[in-house]
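Counting in this note's numbering, the sequence shown runs from 2 upward without gaps.
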Amino acid sequence: MNTFYAVSNIGELYVPVEYRDAVFARARVKLFAHQELRHLNRIFTHIRHGGVAVVEGQWEQITAVMDYIQRHKQDLTQEASHRNSKQRDRRDSRGKSASHALKEALARLMCWADADGILQVEPAPLLPYLLEFAGEPAAANQGKPFLLPLIKIQQIESALAETYPIRALDASLVASENVLAPRSQETVECFQEALQHIRSHASANKVADIGCGSGCLTLLARQELGDQAEVYASDLLPEAVATTKLNIQRLLPDSDGIEVIPAGDLFDPFASCQFDVIIFNAPWVVARVRNRAELAIHDEKQETVKRFFAHVSNFLKPDGAVVLGYADASGPKAIEHLEAIIAEAGFTEDARFKRRVATHRSKRKWEQIRVSVLRRK
Numbered sequence: 002m003n004t005f006y007a008v009s010n011i012g013e014l015y016v017p018v019e020y021r022d023a024v025f026a027r028a029r030v031k032l033f034a035h036q037e038l039r040h041l042n043r044i045f046t047h048i049r050h051g052g053v054a055v056v057e058g059q060w061e062q063i064t065a066v067m068d069y070i071q072r073h074k075q076d077l078t079q080e081a082s083h084r085n086s087k088q089r090d091r092r093d094s095r096g097k098s099a100s101h102a103l104k105e106a107l108a109r110l111m112c113w114a115d116a117d118g119i120l121q122v123e124p125a126p127l128l129p130y131l132l133e134f135a136g137e138p139a140a141a142n143q144g145k146p147f148l149l150p151l152i153k154i155q156q157i158e159s160a161l162a163e164t165y166p167i168r169a170l171d172a173s174l175v176a177s178e179n180v181l182a183p184r185s186q187e188t189v190e191c192f193q194e195a196l197q198h199i200r201s202h203a204s205a206n207k208v209a210d211i212g213c214g215s216g217c218l219t220l221l222a223r224q225e226l227g228d229q230a231e232v233y234a235s236d237l238l239p240e241a242v243a244t245t246k247l248n249i250q251r252l253l254p255d256s257d258g259i260e261v262i263p264a265g266d267l268f269d270p271f272a273s274c275q276f277d278v279i280i281f282n283a284p285w286v287v288a289r290v291r292n293r294a295e296l297a298i299h300d301e302k303q304e305t306v307k308r309f310f311a312h313v314s315n316f317l318k319p320d321g322a323v324v325l326g327y328a329d330a331s332g333p334k335a336i337e338h339l340e341a342i343i344a345e346a347g348f349t350e351d352a353r354f355k356r357r358v359a360t361h362r363s364k365r366k367w368e369q370i371r372v373s374v375l376r377r378k
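What follows is the structure in structure tokens.
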């Protein structure tokens, strides 16, 4: 499938994977800039007929276009019904059809950002790492401008507006869409105790945070293991990598000694490095992943944990330690299976730090969070 689309008066624009169907399926992309933003019905008609509207100008006028589309969602339903009737694809529910039509229409109202990720709106919101926050690898645009739906930009802004205080860091962090927010003080405190245990027994000069998420444990490792520790972090999700970079930027303007590596699966981003300490807050719910947000939590048949322990020895120094976080949310069988995976990989538990925390589930009111320091047998 194509990855770039040429728009008159702008040039070639990178189109993120999630939005390529909307852009390339009909190949009707039109720029509406500045004064043209006043013609709300003209923009709406273009979108209603299946086109993509790229907007540029005052942010207030651009959001007015979105409001107009939402107010006229019934017209979108009629247009969708007309197209569907030709394709003999009728909806069972008008409500569902209206919601689907509105979602599709809003996805076709797009802003564009230059090669540096600066949105071409006035005033431009301060959103560093914008392409990564949208779920794309940092260099995916190959140094060219790119497109993003206005609704996606607003969702990113909204997620980053909320902060999460962390007692162990005496600071607050942000978490973007799909990134596990650091809400559990108990989990962070267990990791803090585990890192303090490691520091009291040996030096740790090189540390990896696998699946860094918000960057909470990356920052904690730097705090607890000292300035001499080089901390490397990565995650499967580009939006998590971006969140970690943003939190480090917010809290440690001088971030020498911390390197956030482009997104990749488990150890893929770390080449052939070996570490004194490898941190992994593993997904602890044994269930199928249904969306990107569940990647940090769900692990069907514990396959992610299996893959981690199948490769961790290749990246750990002979006297190194694994700091593994887990919870018994999926019951004792999951814990038994985890312990069997650990033993089979040749590790034994050197120390364990745990907390009993309340849950919001009716069938299980309590669960235990555990962070283990593991070493080779």
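Heads up, the beta-carbon is just placed ideally off N, CA and C, and yes, glycines get one too. All figures in this text were calculated on a predicted structure; none of them were measured in a lab.
Could you pull out every residue in the same chain whose Cβ sits closer than 7 Å to the Cβ of residue i, ignoring the five residues on either side in sequence?
{"i": "residue 318", "result": "275, 276, 277"}
{"i": "residue 47", "result": "31, 54"}
{"i": "residue 177", "result": "134, 157, 160, 161, 240, 243, 244"}
{"i": "residue 294", "result": "179"}
{"i": "residue 1", "result": "Residue 1 lies beyond the stretch modelled for the chain, which goes from 2 to 378, so this question has no answer here."}
{"i": "residue 307", "result": "342"}
{"i": "residue 119", "result": "125"}
{"i": "residue 229", "result": "206"}
{"i": "residue 223", "result": "230, 232, 258, 259"}
{"i": "residue 70", "result": "45, 48, 106, 107, 110"}
{"i": "residue 221", "result": "169, 170, 189, 192, 193, 196"}
{"i": "residue 150", "result": "20, 107, 108, 110, 111"}
{"i": "residue 23", "result": "53, 108, 109"}
{"i": "residue 386", "result": "Since the first residue of the chain shown is 2 and the last is 378, residue 386 is not available in this structure."}
{"i": "residue 153", "result": "135"}
{"i": "residue 66", "result": "38, 41, 44, 56, 110"}
For residue i, which residues in the same chain have their Cβ closer than 8 Å to its Cβ, ignoring the five residues on either side in sequence?
{"i": "residue 3", "result": "16, 21, 25"}
{"i": "residue 368", "result": "328, 329, 330, 357, 358, 360"}
{"i": "residue 34", "result": "10, 56, 57, 58"}
{"i": "residue 7", "result": "13, 14"}
{"i": "residue 314", "result": "346, 347, 377"}
{"i": "residue 185", "result": "358, 370"}
{"i": "residue 75", "result": "99"}
How close, in whole Å, do the beta carbons of residue i and residue j come, if the pair is a contact with beta carbons under 8 Å?
{"i": "residue 56", "j": "residue 63", "result": "5 Å"}
{"i": "residue 284", "j": "residue 305", "result": "6 Å"}
{"i": "residue 347", "j": "residue 378", "result": "5 Å"}
{"i": "residue 271", "j": "residue 209", "result": "6 Å"}
{"i": "residue 400", "j": "residue 280", "result": "Since the first residue shown for the chain is 2 and the last is 378, residue 400 is missing from the structure and cannot be characterised."}
Please classify residue i as buried or exposed, where buried requires at least 16 neighbouring CB atoms within 10 angstroms.
{"i": "residue 164", "result": "exposed"}
{"i": "residue 240", "result": "buried"}
{"i": "residue 77", "result": "buried"}
{"i": "residue 322", "result": "buried"}
{"i": "residue 36", "result": "exposed"}
{"i": "residue 344", "result": "exposed"}
{"i": "residue 117", "result": "exposed"}
{"i": "residue 227", "result": "exposed"}
{"i": "residue 267", "result": "buried"}
{"i": "residue 140", "result": "exposed"}
{"i": "residue 204", "result": "exposed"}
{"i": "residue 144", "result": "exposed"}
{"i": "residue 131", "result": "buried"}
{"i": "residue 129", "result": "exposed"}
{"i": "residue 127", "result": "exposed"}
{"i": "residue 42", "result": "exposed"}
{"i": "residue 104", "result": "exposed"}
{"i": "residue 138", "result": "exposed"}
{"i": "residue 374", "result": "buried"}
{"i": "residue 292", "result": "exposed"}
Could you pull out every residue in the same chain whose Cβ sits closer than 6 Å to the Cβ of residue i, ignoring the five residues on either side in sequence?
{"i": "residue 354", "result": "191, 194, 195, 372"}
{"i": "residue 234", "result": "210, 213, 219, 245, 261"}
{"i": "residue 383", "result": "Residue coverage of the chain in this structure runs from 2 to 378, which leaves residue 383 outside it and unanswerable."}
{"i": "residue 256", "result": "249"}
{"i": "residue 349", "result": "378"}
{"i": "residue 352", "result": "198, 374"}
Any heavy atom of the ligand ZN closer than 6 Å to the Cβ of residue i?
{"i": "residue 354", "result": "Of ligands this structure carries none, so the ligand ZN is not represented either."}
task = For the segment 213-222 and the segment 165-180, state whether three or more C-beta atom pairs, one from each stretch, are separated by less than 8 Å.
result = Touching, yes.
ask   = Is the segment 238-257 touching the segment 332-352, taking contact as three or more C-beta pairs under 8 Å?
value = In this structure the segment 238-257 does not lie against the segment 332-352, because fewer than three pairs of beta carbons, one per stretch, are closer than 8 Å.
inquiry  = Three Cβ pairs or more, each shorter than 8 Å: is that satisfied between the segment 190-202 and the segment 316-331?
reply    = Touching, yes, given that three or more Cβ pairs across the two stretches are closer than 8 Å.
task = Mind listing, in chain order, the continuous beta strand (DSSP E) runs of no fewer than 3 residues lying wholly within the segment 37-70?
result = When DSSP assignments are scanned along the segment 37-70, the uninterrupted stretches of beta strand (DSSP E) that are 3 or more residues long and fall wholly within it turn out to be 53-59.
message = Under 8 Å: do the segment 293-301 and the segment 258-276 share three or more Cβ pairs, one atom per stretch?
response = The segment 293-301 is not in contact with the segment 258-276.
key: Unbroken stretches of the alpha helix (DSSP H), 4 residues or longer, contained in the segment 116-167   = Taking only runs of at least 4 residues, the alpha helix (DSSP H) segments lying wholly in the segment 116-167 are 131-134, 151-162.
message = Quick check for students: name the residue ranges of the alpha helix (DSSP H) that lie wholly in the segment 332-367, counting only runs of 4 or more.
response = Every alpha helix (DSSP H) stretch that sits fully inside the segment 332-367 and reaches 4 residues is listed by chain position as 333-345.
key: Segments assigned alpha helix (DSSP H), at least 4 residues, entirely inside the segment 268-331   = Scanning the segment 268-331 for uninterrupted alpha helix (DSSP H) segments of 4 residues or longer gives 304-312, listed from N- to C-terminal end.
task = Would you mind listing the beta strand (DSSP E) stretches within the segment 166-202 that are 3+ residues and don't spill past its ends, in chain order?
result = Correct list: 172-175.
key: Whole beta strand (DSSP E) elements within the segment 196-252, 3-residue minimum   = Within the segment 196-252, the complete beta strand (DSSP E) runs of at least 3 residues are 207-211, 231-235.
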